[in-house]
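Peer 1:
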Amino acid sequence: DCDAVVDEEVRNFVDDDGDGLIDEDLKTRPIEIAIPEDVQLWSCLESTEPSHTGMAMVLDVSEACSETVIEYVDVVERTTCRQRVTREWIGRDSCGNIANATQLITVSDRTVPALSVPRDTVANCSELNDLTKMGSAKGKDDCSGSVSTWYEDELDGCVVLRRWHGEDQCSNKATVKTQTIRLKVASPSFTIPSDVEISCLNDSDP
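Residues 1388 to 1593 in the working numbering are what the sequence shown lists, from first letter to last.
Have a look at this one:
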C-alpha cells in the first residue's frame, strides 16, 4: 500500500485492476494542480504568456513522487478583432500521475488607432477638395491593420476647420484632430470705360 488509503478494490471487493487479487492497487494518490482564472485582455499588444496571464501550480503530490513538472499547450483561434487561446495545463509527477485543466484567454481589440493629419495651410477656395494639395490624414492601427479616414469642414470666416476622423476594422475610433486651412482672399477687380470727350450740352451720366 503506497498511499495508506483503502482503495475501491478492497472496499467494493472487485478486482478492478485485473490482477486476479482483491488487494490494494499499488498506486500513489494523483497529483493536484491549481490553474489561473480565465483572462480577458483588451489589447492585442498585451502578452498572452503565463508571466502575464498567470501560472499553474501544484497543490498536492505524494511524497514518493515529489518531483513535478508543469507544462501547457495552447490552441489559438484568431479573427480580425478577437483572439481566443485555449490553454491546457498539464501537471506530471515522478510516478507518472497526470492532472490537467483548461484556462481560457480572450483578447479583444479595443485599441484606438493613431491618427496624423496634414499640417495647417493656406489655399484658394477651388483647392479645398483637392486632397493632393490639401493632404490626407493617415491612420495607424497595430491590431486590425487598416484605418478608414474622412473629414468634415466647418467655415469660420475665412478659415476652414477640417476635422479628421479615423476608425479601424473593429469600430475603434481615433481621437478627432483638426487641420486649419486659411482661405486666400483675392482683391476685387473691375474695369472702367475709356475716356471720352463730350460737349457741355451733353449728359455726362454713365
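Where is the CB? At the ideal position from N, CA and C, for every residue including glycine.
Here the structure is a predicted model, which is why all the values come from computation and not from measurement.
Can you tell which of Val-1563, Ser-1558, Ser-1513 and Glu-1424 has the C-alpha that lies nearest to the C-alpha of Ala-1488?
Peer 2: Nearest C-alpha to Ala-1488: Glu-1424.
Peer 1: From the DSSP output, in three-state form, read off Lys-1571 for me.
Peer 2: Three-state DSSP puts Lys-1571 in coil, outside helix and strand.
Peer 1: So, does the stretch 1502-1519 touch the stretch 1555-1573, judging by three or more C-beta pairs under 8 Å?
Peer 2: Output reads yes: the stretch 1555-1573 touches the stretch 1502-1519.
Peer 1: Any idea which residues DSSP pairs Asn-1487 with across the strands?
Peer 2: In DSSP, Asn-1487 forms a bridge with Ile-1477.
Peer 1: With a CB to CB cut of under 6 Å and the five nearest residues on each side skipped, what residues in its chain are close to Glu-1514?
Peer 2: Excluding residues within five positions, the ones whose Cβ falls inside 6 Å are Lys-1520.
Peer 1: Which residues mark the beginning and the end of the alpha helix (DSSP H) in which Leu-1518 is found?
Peer 2: Unbroken alpha helix (DSSP H) run through Leu-1518: 1518-1521.
Peer 1: Counting contacts by CB-CB distance shorter than 9 Å, is Leu-1570 in contact with chain D?
Peer 2: No chain D appears in this structure, which consists of one protein chain only.
Peer 1: Are Arg-1469 and Asp-1496 closer than 9 Å when you measure CB to CB?
Peer 2: Contact flag set, yes.
Peer 1: Going by C-alpha to C-alpha distance, which of Asp-1461, Leu-1432 and Asn-1559 sits closest to Gln-1490?
Peer 2: Of the candidates Asp-1461, Leu-1432 and Asn-1559, the one whose C-alpha sits nearest the C-alpha of Gln-1490 is Asp-1461.
Peer 1: Roughly how many angstroms lie between the CA atoms of Thr-1473 and Ile-1485, to the nearest whole one?
Peer 2: Going by the C-alpha atoms only, they are around 19 Å apart.
Peer 1: What distance in whole Å lies between the Cβ atoms of His-1552 and Val-1563, which are believed to be in contact at a cut-off of 8 Å?
Peer 2: Sure, about 6 Å apart at Cβ, within 8 Å.
Peer 1: What is the rounded straight-line gap between the Cα of Ile-1477 and the Cα of Thr-1435?
Peer 2: Ile-1477 and Thr-1435: Cα-Cα distance of roughly 17 Å.
Peer 1: Give me, in chain order, the residues of the same chain whose beta-carbon lies closer than 6 Å to that of Ser-1581; leave out the 5 immediate sequence neighbours on both sides.
Peer 2: Closer than 6 Å at the Cβ level, and outside the excluded window around Ser-1581, lies no residue.
Peer 1: With DSSP run on the structure shown, which of helix, strand or coil describes Glu-1554?
Peer 2: Correct three-state label for Glu-1554: strand.
Peer 1: Just the Cα atoms here: how many angstroms apart are Ile-1422 and Glu-1475?
Peer 2: In a straight line, the C-alpha of Ile-1422 is about 9 Å away from that of Glu-1475.
Peer 1: Under 8 Å by Cβ, that's how I've got Ser-1558 and Lys-1525 pegged, so tell me the actual separation to the nearest angstrom.
Peer 2: 19 Å between Cβ atoms; not a contact.
Peer 1: Below 6 Å CB to CB, which residues in the same chain sit around Ser-1501 once its five sequence neighbours on both sides are set aside?
Peer 2: It should be pointed out that residue 1501 corresponds to Ala in this sequence rather than to Ser. Cβ within range, chain order: Lys-1527.
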